[in-house]
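Number of protein chains: 2
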Amino acid sequence: MNTRKKVSIAVVKRLPRYYRYLYNLLKENVTRISSKELSQNMGITASQIRQDLNCFGGFGQQGYGYNVHVLYNEIGNILGANKNYQAIIIGAGNMGRALANYRNFEKRGYEINGIFDVDMNVIGQKINGIVVMPIDKMDYFIKNNNTQIAILTVPHEYTKDVAERAATAGIKALWNFSAMDLQIPDVVVENVHLSDSLMVLGYRLKEATEENKFEETELK
Amino acid sequence: MNTRKKVSIAVVKRLPRYYRYLYNLLKENVTRISSKELSQNMGITASQIRQDLNCFGGFGQQGYGYNVHVLYNEIGNILGANKNYQAIIIGAGNMGRALANYRNFEKRGYEINGIFDVDMNVIGQKINGIVVMPIDKMDYFIKNNNTQIAILTVPHEYTKDVAERAATAGIKALWNFSAMDLQIPDVVVENVHLSDSLMVLGYRLKEATEENKFEETELK
DNA sequence: TAGATTGTTAATCGATTAACAATC
DNA sequence: TAGATTGTTAATCGATTAACAATC
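As given, the protein sequences belong to chains A and B, one line each in that order. Taking numbering that gives the first Met the number 0, I'd label the letters of the first sequence as residues 0 to 219. Taking numbering that gives the first Met the number 0, I'd label the letters of the second sequence as residues 0 to 219.
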């Protein structure tokens with residue numbers, strides 16, 4: 000019986016951070032690290048690090064700490080960094096192009112093997128070696144290539160429609176860049192929302208500025 | 000005395016979402032909405048919506064609900080959507096270009112008035128009407144234009160260095176797209192980490208697939 | 001063996017949800 | 001006025017932190 004408790008999203012979101020820090024340690028030829036040292040590097044409590052890792056297994060050794068190489072690989076496995084997922088990009092606009100040229104994907108085990116658009120001026124062009132195809136061919140392509148992931152970079156008025164078509168064709172996960180929350184049954188959706196992130200930045204900037212003003216007033 | 004309790008980041012991160020939903024209601028000419036209706040639209044509890052909003056003030060009216068227009072403007076003010084911040088982009092690569100062409104910025108009150116790069120082939124080019132300048136001119140430009148925000152899209156090995164230079168020149172907030180956590184005293188940093196987001200997607204896709212396999216096995 | 005550090009249980013803290021009096 | 005819905009306090013839930021026995 001599958002008794003494994005569901006890991007909270009807060010924990011999962013920290014995994015890529017661990018992965019990055021461990022990669023850096025690996026590059027610096029550090030072979031072992033304790034949760035305490037990692038904690039000082041990352042600004043997370045050692046307790047939380049141990050708690051997080053133990054959601055997935057005991058990767059450390061009492062009295063020693065963690066072997067950097069082992070832990071790096073374990074987290075990679077947990078994140079599916081070795082899965083070699085197939086992905087397509089829908090929407091060959093600025094963001095779509097930027098992502099098509101993004102080098103980190105291959106490194107993480109993702110392969111982009113199709114780009115789709117509606118614009119006749121763009122169809123046929125090559126972006127990072129991949130020919131842009133007409134969106135009418137998308138459904139067929141997804142089925143034929145067993146594509147799991149679709150990266151959505153279309154204007155937000157088309158998002159819902161295109162997402163549903165992709166899901167029907169067999170897409171299992173959507174990486175959604177449009178300023179619109181997507182929810183599709185049985186499909187994993189990761190919403191990016193750059194403009195939300197920017198607004199949070201604006202809020203924090205405003206707060207910081209006001210705090211500052213207040214302190215200045217106090218000093219007078 | 001400033002007795003206002005600090006609003007948690009979890010609350011702040013929901014504000015742009017409220018803002019988007021209210022904007023849509025506004026477009027549909029909806030004039031009033033209750034926390035209950037909004038809750039059904041957004042998949043958030045009505046209690047949380049009221050709790051969130053009341054961190055900033057009582058914008059509603061008992062027995063009536065919220066006036067969409069009023070609430071939209073209030074949240075806009077809270078987020079500083081009316082502040083007209085000046086921003087520069089550092090790094091005219093694929094991501095920098097995509098962001099320079101991103102239409103939503105102006106709408107949110109951000110103005111990009113400078114793009115910087117080191118590449119002589121790129122310097123002098125125009126991106127969305129803005130000339131790319133050599134990075135040596137950055138410090139002077141920031142001081143002279145009173146630029147508050149820098150958007151960082153440089154390769155991650157330069158990130159820390161460039162960020163610190165920008166901060167010294169007077170930048171107050173950094174929107175960081177490199178796969179490296181930044182922390183700079185007295186500067187607001189919002190890290191985007193696209194590759195982290197993609198790995199979380201990968202994790203969730205893997206989980207969903209395994210769950211499915213497991214269920215299939217059970218049925219046999 | 002002694003020292004170090006994990007894995008794990010218990011305590012604390014904060015965020016979400018529920019409940020309801022206030023009031024439009 | 002009666003009905004509806006807020007603003008706000010109290011209860012619950014979950015996530016983080018602390019503590020410590022297990023063990024390398």
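Glycine included, each C-beta is placed from N, C-alpha and C at the ideal position.
**OP:** Would you kindly report the start and end of the unbroken alpha helix (DSSP H) that includes A:Val10?
**Re:** Per DSSP, the unbroken alpha helix (DSSP H) holding A:Val10 starts and ends at 8-26.
**OP:** Take A:Phe104 and list the residues in its own chain whose beta-carbon comes closer than 7 Å to its own, dropping the five residues that flank it on each side.
**Re:** Hits under 7 Å: Ile111.
**OP:** Using the Cα positions of A:Phe55 and A:Gln47, report the straight-line distance between them to the nearest angstrom.
**Re:** Roughly 13 Å separates the two Cα atoms.
Subject >> Opposing strand residues paired with A:Gly64 [DSSP bridges] >> reply: A:Gly64 is bridged to A:Gln60.
**OP:** Report, in whole angstroms, the separation of the C-beta atoms of B:Arg107 and A:Leu197, which I expect to be a contact under 8 Å.
**Re:** Rounded to the nearest angstrom, the Cβ distance from B:Arg107 to A:Leu197 is 6 Å, consistent with a contact under 8 Å.
Original post:
Do A:Lys136 and A:Ala168 have their C-beta atoms within less than 8 Å of each other?
Top reply: No, the Cβ-Cβ distance between A:Lys136 and A:Ala168 is not below 8 Å.
Original post:
Whose CA, out of B:Asp138, B:Leu173, B:Trp174, B:Leu181, lies closest to the CA of B:Lys159?
Top reply: B:Lys159 has its Cα closest to that of B:Leu181, out of B:Asp138, B:Leu173, B:Trp174, B:Leu181.
**OP:** Confirm, please, whether the CB-CB distance from B:Ala91 to B:Val121 is below 8 Å.
**Re:** Contact: yes.
**OP:** Provide the residue span of the beta strand (DSSP E) that contains B:Leu173, from first to last.
**Re:** According to the DSSP assignment, B:Leu173 belongs to the beta strand (DSSP E) that extends over 172-175.
Subject >> Where B:Gly113 falls, given that 16 or more other Cβ within 10 Å makes a residue buried >> reply: With 16 or more Cβ atoms within 10 Å of its Cβ, B:Gly113 is classed as buried.
**OP:** Could you tell me how far apart the beta carbons of A:Ile134 and A:Ala172 are, in whole angstroms, since I believe they sit closer than 8 Å?
**Re:** Contact annotation, A:Ile134 with A:Ala172: C-beta distance approximately 19 Å; criterion of less than 8 Å not satisfied.
Original post:
Between the C-alpha atoms of B:Arg31 and B:Leu25, what's the straight-line distance to the nearest angstrom?
Top reply: The C-alpha of B:Arg31 lies about 9 Å from the C-alpha of B:Leu25.
Original post:
Cα separation between A:Arg13 and B:Val199?
Top reply: If you take the alpha carbons of A:Arg13 and B:Val199, they lie about 9 Å apart.
**OP:** Could you pull out every residue in the same chain whose Cβ sits closer than 7 Å to the Cβ of A:Leu98, ignoring the five residues on either side in sequence?
**Re:** Around A:Leu98: Ile88, Ile150, Thr152.
**OP:** Return the chain-ordered list of same chain residues with a C-beta closer than 8 Å to the C-beta of B:Val6, the five sequence neighbours on each side being excluded.
**Re:** These residues qualify, in order along the chain: Cys54, Phe55.
Subject >> Contacts of B:Thr207 in chain A (Cβ-Cβ under 9 Å) >> reply: It should be noted that the sequence gives Ala, not Thr, for residue 207 of chain B. Within chain A, the residues near B:Ala207 are Lys171, Ala172, Asp185, Val186, Val187.
Original post:
Nearest-angstrom Cα distance between A:Gly64 and A:Gly57?
Top reply: Each residue's Cα considered, the two are about 11 Å apart.
**OP:** Would you tell me roughly how many angstroms separate the C-alpha atoms of A:Gln39 and A:Val11, rounded to the nearest one?
**Re:** Rounded to whole angstroms, the gap between the alpha carbons of A:Gln39 and A:Val11 is 20 Å.
Original post:
Nearest-angstrom Cα distance between A:Gln85 and A:Asn145?
Top reply: Approximately 8 Å between the Cα atoms of the pair.
Original post:
Among B:Arg16, B:Arg203, B:Ala9, which one has its Cα closest to the Cα of A:His192?
Top reply: The residue from B:Arg16, B:Arg203, B:Ala9 with its alpha-carbon nearest to that of A:His192 is B:Arg16.
Original post:
DSSP state of B:Met0, grouped into three classes?
Top reply: Only weak support is given to the placement of B:Met0: the predicted model assigns it a pLDDT of 35, under 50, and the question is left unresolved by the model.
Original post:
Is B:Tyr202 close to chain A, meaning its C-beta is less than 8 Å from at least one C-beta of that chain?
Top reply: Chain A, which has a Cβ nearer than 8 Å to the Cβ of B:Tyr202, makes this yes.
Original post:
Measuring CB to CB, does A:Phe176 end up less than 8 Å from A:Met94?
Top reply: Yes, the pair counts as a contact, with Cβ atoms nearer than the cut-off.
Subject >> Distance between A:Lys4 and A:Trp174 (C-alpha atoms, nearest Å) >> reply: Approximately 26 Å between the Cα atoms of the pair.
**OP:** Under 8 Å Cβ to Cβ from A:Leu124, same chain only, skipping five residues before and after it: list those, please.
**Re:** Inspection of the sequence shows that residue 124 of chain A is occupied by Gln rather than by Leu. Ala91, Val130, Val131.
**OP:** Drop a sphere of 10 angstroms on the beta-carbon of B:Ile170, count the other beta-carbons inside from all chains shown, and report buried for 16 or more, exposed for fewer.
**Re:** The residue in question, B:Ile170, is buried, as its Cβ has 16 or more Cβ neighbours within 10 Å.
Original post:
Any beta-carbon of chain A closer than 8 Å to the one on B:Met137?
Top reply: No, its Cβ sits nowhere closer than 8 Å to a Cβ of chain A.
Subject >> Euclidean distance between Cα positions of A:Asn100 and B:Asp116 >> reply: Whole-angstrom Cα-Cα distance: 18 Å.
Subject >> Buried versus exposed, by CB contacts within 10 Å (16 or more), B:Asp195 >> reply: B:Asp195 should be labelled buried.
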